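Trainee:
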Amino acid sequence: MNAYDTADSDDHPLLSRLIKVGLFLLAQGIAVMLVAFLALLVSFGASWSATTEQASLLQPGEARSGSLLLKEDGATTEAIRLGTDIDITVSGPTLRARVTQAFRNPSKDWVEATYVYPLAAGGAVDTLKMVIGDRVIVGDIKERQQARVIYEEARRTGQKAALTEQERPNIFTNSVANIGPGETVLVQIEYQEPVRQVGNEYSLRLPLVVGPRYNPAPIIQSVDFRKDGSGWGAATSDPVPDRERISPPVLDPAKHAPVNPTSITVRLQAGFALGEVTSHHHNVKTESPDNMTRVVTLADGAVPADRDFELTWKPAAENAPSVGLFREHLGDADYLLAFVTPPSAEQAAQKPLPREVVFVIDNSGSMGGTSIVQAKASLLYALGRLQPNDRFNVIRFDDTMDVLFPASVPADAAHVGEATSFVGALQARGGTEMVPAMRAALTDRLGDTGMVRQVVFLTDGAIGNEQQLFDAITTMRGRSRVFMVGIGSAPNTYLMTRAAELGRGAFTHIGSTEQVEERMRGLFAKLENPAVTGLTARFSEANADVTPAIIPDVYRDEPLVLAARLDKLAGSLEIKGRVGDRPWSVTLPLQNAAEGKGLSKLWARRKIADAEVARTLREMTPEASDKAILALALDHQIVTRLTSLVAVDKTPSRPEGEPLKLSELPINLPAGWDFEKVFGERPHLTPTQLHERHADARNQPATRRPMPAAPDAIRLPKTATSAELKMIAGFILIVLALILFVFNRRRTLLTDAA
C-alpha cells in the first residue's frame, strides 16, 4: 500500500506539468494564429482598398468579357450590351442597307445608351425605327437642334426615345433613352448607297468600326472680345471641336473580349450574270438561287465589329458593262443615274510624259501592327515601278516629319536604293499630324517643267481634323494631283474620297498584304495613263440639275457617275471629253433607262456633298452652303450634319423619380492595330518615359513633343499605397510569432527536463 501510494503521489505532479505545457502550447498556437490573421488582414486591407479604388475609376469603356460596367457608390454593375444585324440588298447600281442595333440592359437600373458607329460616306440615311416589344416607333427628320430638344424632353419625362445624329459623313451616333431593367430596345436605321465600280469589278464596303482618331491640339485661335469696350477678350480654338463625340472608348484587346457581335447578310442582285463573288476580310458562305443572284452570309455567324466588310463581284462575261442608265420617278420629277466607262487610251504610239511623284507615308501610332507592314510593302512596290526619266521624293510623318531629299531627285538606282532603306527602317509611333505632311508634299519646287506632278499619300486617315486637310489641299494643290491610298482594316474613307476629289486624283484601299500588288498595280495604271479630262454633260431636251456640278477627271478603268434631276424623261444625254490628246463622246437615249431604286436620295446626297465642297473651295459662303444643305435634307428626308432623326414613344416608361444612368458603349480596336502604338505604352510607362525612336534610315533623332493623351485610353487605379510594405510587415510578424513559439516551447521543455 505504501509503495502504491508513493508512486501515485509522484505521478500527479508530472500529469499536472503536462497539462500546463499543453495549455501553454494551445495558447501559443492561438496567439500565432491571431497574429498571422491580423497580419494578413492588414495586407488584404490594402488590396481591398486598391480594388475598391480601381472599381471607382472604371469607365464605361473599361468593360470585361464584352460587357460594360457602370459605377455607383464605388461599386460596379454590368450594364448595357449591344449586338448588330446588317441586311443589304444590292439592286443593280445601288444598295439598300438596314442596320439593326439591339441595346440590351441586364442591370437593375434605368439607363441611357450612346453608341458611335461608322457608315459609308456616300450613304443617305433616311429611316429610323425604334422597336420596343411589339411596338414600332418611326422617326422623323428634324433640324439637328430641334431633334436634340425633342429627345432631351422625352429623356427627362421618362419616355423611350432614339436619336440618330451625323458627326461626320461616315460617323454617326445613336442615343437611346430610358431602357428599363432587363429590357431590350431595337434601333433600326436604313440608308441608300451607290455601288462602286472599278474596271471589271463591282464592290460594296461596309464600315464596322470607328478607328480612334488623332485630334491635334488647337493651332488657329478665334477671338471673342467683351462687349463692355474694355479691349479684353478670350481666345478660343479647337481644330476638332466635336472631339468628344467622335472618340468613343476603345477596349484594349489584351484585357477585354471583343464586343458588339455583328451578323451580315447581302442579297446580291447585280442585273447581269455573275461570275466571281469575293469577301476579302471575312469568311462567308454563298448561295446561288440563279445566275444573277447571290445570297452571302458570314460563315462564322456573328463576328466582332473590328474590321470593314468588303464584297466584290465580277460579271460572268469577260468584260463588265461599260454603260448603265437608271431612272426613278418621284413626285413631279425624274431622277437619273448614269454610269459610263470611257475607253482606255492606247499608249503604244506615244511616249509617256515624265512624272514627278511625291510619296507620303504615315508612320504614326495608329499604323502600328499590320498597317505599317502593308504601307511599307505598298511604297516599296511603288518605288520599284518608277521609270528612269521620273523624279521622286519620300516624306514620312507621325507627329514629326522627315523629307528624304531637299527636292525631288531622279529615279536612278542610287536614289531608289536610298529611299528603299529609308522606308525599310520606318516604325509606327506617335501622333498623326497629317496637314504639315500634305503641305510639304504639295510644295512645288520644280515649277511647271512639263512633268506630270502626282502626290501618293499612304495612310489610314485616322484624324479628327479632316477639314484642315481639305483646306490645305484646296489652297496648295496647284498642278499637283493627289492619290490617296487607304491602309488597314478600317480606314477613314470619307477623308480619302474627299481628299482625292479635291486633289483631282483617285482613291484606292489596301486592307491586307495580299492586296498590295493587285491594288498598287491598279493605282499605277491610273498614274501612268492619261486621265479623261474636260468632261461635260448635256441633255438634249430635259432641263437638268446635274451632280457633280463640276465633273471631275476620270482615270483608267473608272466610270464617270452622274446623277440628275429632270423635269421630263425625254431626249438624250451626251457626254464629251478628251482621252489623252483625242476627243471622245458618247450619247445615251433616255428612253432606254431601266427602273432604279432610291435614286432621288442619292442625287440629294451628292448635291449636299457638292455644297460641302463648294464651301471648302470658297465658292459658296458658309451661310449659303448651310441653307442649301438644310433644304435638300428636309425635302428628301435624310440625315446630315444639320438634320437628325428622332423617334419618341409617347407613353412614359421610367417611373417618376427613378434615376437614369448614362452608358457610353465601347468599341473594338480595329483588327491589326496595336493598342500601345495608339494609346501609348501600357501602365509601366508614362508618356514622358516613352523611348525616342528614329524613323529615318540615317538614324537621326527627330524633335518630338509628348503625345496628347487619348480620351478613355487606359485609366489606371491609384494603387500607389503602402500595401506592399504592409504585406512585408505582416510576413515579418508571422516569422516573429513562429520564433517566439519555438523559443517558448524549447524553454518549457528545458524546464521540464530540469
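Using the working numbering, the first residue of the sequence shown is number 2, and each one after it goes up by one.
Where a beta carbon is used, it is the ideal one built from N, C-alpha and C, also for glycine.
Keep in mind it's a predicted model, so treat the numbers as computed, not measured.
For residue 111, tell me which candidate among 164, 183, 302 has the shortest Cα-Cα distance.
Mentor: For the residues 164, 183, 302, the minimum Cα distance to residue 111 belongs to 183.
Trainee: Quick check on this structure: which residue in 560, 497, 395 has the alpha carbon closest to the alpha carbon of residue 171?
Mentor: Of the listed residues, the one whose Cα sits closest to residue 171 is 497.
Trainee: Are there three or more Cβ pairs, one per stretch, closer than 8 Å when the region 357-366 is compared with the region 498-506?
Mentor: Not touching, per the Cβ criterion.
Trainee: With a 10 Å radius around its C-beta and 16 neighbouring C-beta atoms as the bar for buried, classify residue 464 as buried or exposed.
Mentor: With 16 or more Cβ atoms within 10 Å of its Cβ, residue 464 is classed as buried.
Trainee: For residue 160, count neighbouring Cβ atoms within 10 angstroms of its own Cβ and tell me buried if that reaches 16, exposed if not.
Mentor: Flag for residue 160 reads buried.
Trainee: Within its chain, find whatever has a CB closer than 7 Å to the CB of residue 611; leave out the 5 residues flanking it on each side and keep chain order.
Mentor: Cβ neighbours of residue 611 beyond the five flanking positions: 548, 549, 550.
Trainee: Mapping the DSSP letters down to three states, classify residue 192 as helix, strand or coil.
Mentor: Reduced to three states, the DSSP call for residue 192 is strand.
Trainee: Mind checking residue 544: buried by the 16 CB within 10 Å criterion, or exposed?
Mentor: That one is exposed.
Trainee: Expressed to the nearest angstrom, what Euclidean distance is found between the alpha-carbon atoms of residue 142 and residue 644?
Mentor: For residue 142 and residue 644, the distance between alpha carbons rounds to 7 Å.
Trainee: Check the DSSP bridge columns for residue 510 and list the partner residues they point to.
Mentor: Answer is 487, bridged to residue 510.
Trainee: Within 10 Å of its beta-carbon, does residue 137 have 16 or more other beta-carbons around it, so buried, or fewer, so exposed?
Mentor: So residue 137 ends up on the exposed side.
Trainee: Curious, which full-length beta strand (DSSP E) runs of at least 3 residues does the region 253-281 contain?
Mentor: You should have 262-270, 275-280.
Trainee: Across which residues does DSSP place residue 396 in a beta bridge pair?
Mentor: 361, 404, per the DSSP bridge assignment.
Trainee: With burial defined as no fewer than 16 other Cβ atoms inside 10 Å of the residue's Cβ, what is the status of residue 580: buried or exposed?
Mentor: Buried, by the Cβ-count rule.
Trainee: Restricting to Cα atoms, I'd like to know which of 651, 641, 661, 666 is closest to residue 128.
Mentor: Comparing Cα-Cα distances from residue 128 to each of 651, 641, 661, 666, the minimum goes to 641.
Trainee: Per DSSP, what are the beta-bridge partners of residue 116 in this structure?
Mentor: Answer is 175, bridged to residue 116.
Trainee: For a quick check, are the C-beta atoms of residue 791 and residue 403 less than 8 Å apart?
Mentor: Past the boundaries of the shown model lies residue 791; the chain is included only from 2 to 755, so the question cannot be answered.
Trainee: Taking only the alpha-carbon atoms, compute the straight-line gap between residue 391 and residue 289 and give it to the nearest angstrom.
Mentor: For residue 391 and residue 289, the distance between alpha carbons rounds to 48 Å.
Trainee: Quick check on the DSSP output: what are the complete beta strand (DSSP E) runs of length 3 or more inside the region 399-480, in order along the chain?
Mentor: Segments of the beta strand (DSSP E) lying fully in the region 399-480: 402-404, 453-460.
Trainee: Buried or exposed, going by whether 16 or more other CB atoms sit within 10 Å of the CB of residue 85?
Mentor: Buried is the call here.
Trainee: For residue 199, verify whether its CB is less than 7 Å away from any heavy atom of the ligand GDP.
Mentor: In terms of ligand content, the structure shown is empty, and the ligand GDP therefore cannot be addressed.
Trainee: Between residue 330 and residue 95, what straight-line distance do the alpha-carbon atoms span, to the nearest angstrom?
Mentor: Looking at the two C-alpha atoms, the distance is approximately 16 Å.
Trainee: Among the residues of its own chain, which have a CB less than 8 Å from the CB of residue 274, if the five just before and after it don't count?
Mentor: Answer for residue 274: 292, 293, 316, 317, 318, listed in chain order.
Trainee: I need the straight-line Cα distance from residue 590 to residue 575, nearest angstrom please.
Mentor: Roughly 9 Å separates the two Cα atoms.
Trainee: Just checking, does the region 149-156 make contact with the region 479-487 on the three C-beta pairs under 8 Å criterion?
Mentor: Taking 8 Å as the limit for Cβ pairs, the verdict is that the region 479-487 does not touch the region 149-156.
Trainee: Counting contacts by CB-CB distance shorter than 8 Å, is residue 669 in contact with chain B?
Mentor: No chain B is present in this structure, which holds just one protein chain.
Trainee: Please classify residue 434 as buried or exposed, where buried requires at least 16 neighbouring CB atoms within 10 angstroms.
Mentor: Classification of residue 434: buried, given that the 10 Å Cβ count is 16 or more.
Trainee: Just the C-alpha distance for residue 504 and residue 456, rounded to the nearest angstrom, thanks.
Mentor: So the alpha carbons of these two residues sit roughly 9 Å apart.
Trainee: Going by other Cβ atoms of all chains shown within 10 Å of its Cβ, with 16 needed for buried, is residue 762 buried or exposed?
Mentor: With the chain running from 2 to 755 in the structure shown, residue 762 is simply not present.
Trainee: According to the Cβ coordinates, are residue 123 and residue 646 closer than 8 Å?
Mentor: Not a contact, by the Cβ cut-off of 8 Å.
Trainee: Is it true that the CB of residue 376 sits closer than 8 Å to the CB of residue 362?
Mentor: Closer than 8 Å, so yes.
Trainee: What residue range does the beta strand (DSSP E) around residue 590 cover?
Mentor: Note, residue 590: beta strand (DSSP E), 583-590.
Trainee: Give the single residue among 444, 445, 337, 418 whose Cα lies nearest to the Cα of residue 563.
Mentor: Measuring from the Cα of residue 563, the nearest candidate turns out to be 337.
Trainee: CB-CB under 8 Å to residue 634, same chain, minus the five flanking residues each way: which ones, in chain order?
Mentor: These residues qualify, in order along the chain: 142, 605, 609, 640, 641, 643, 644.
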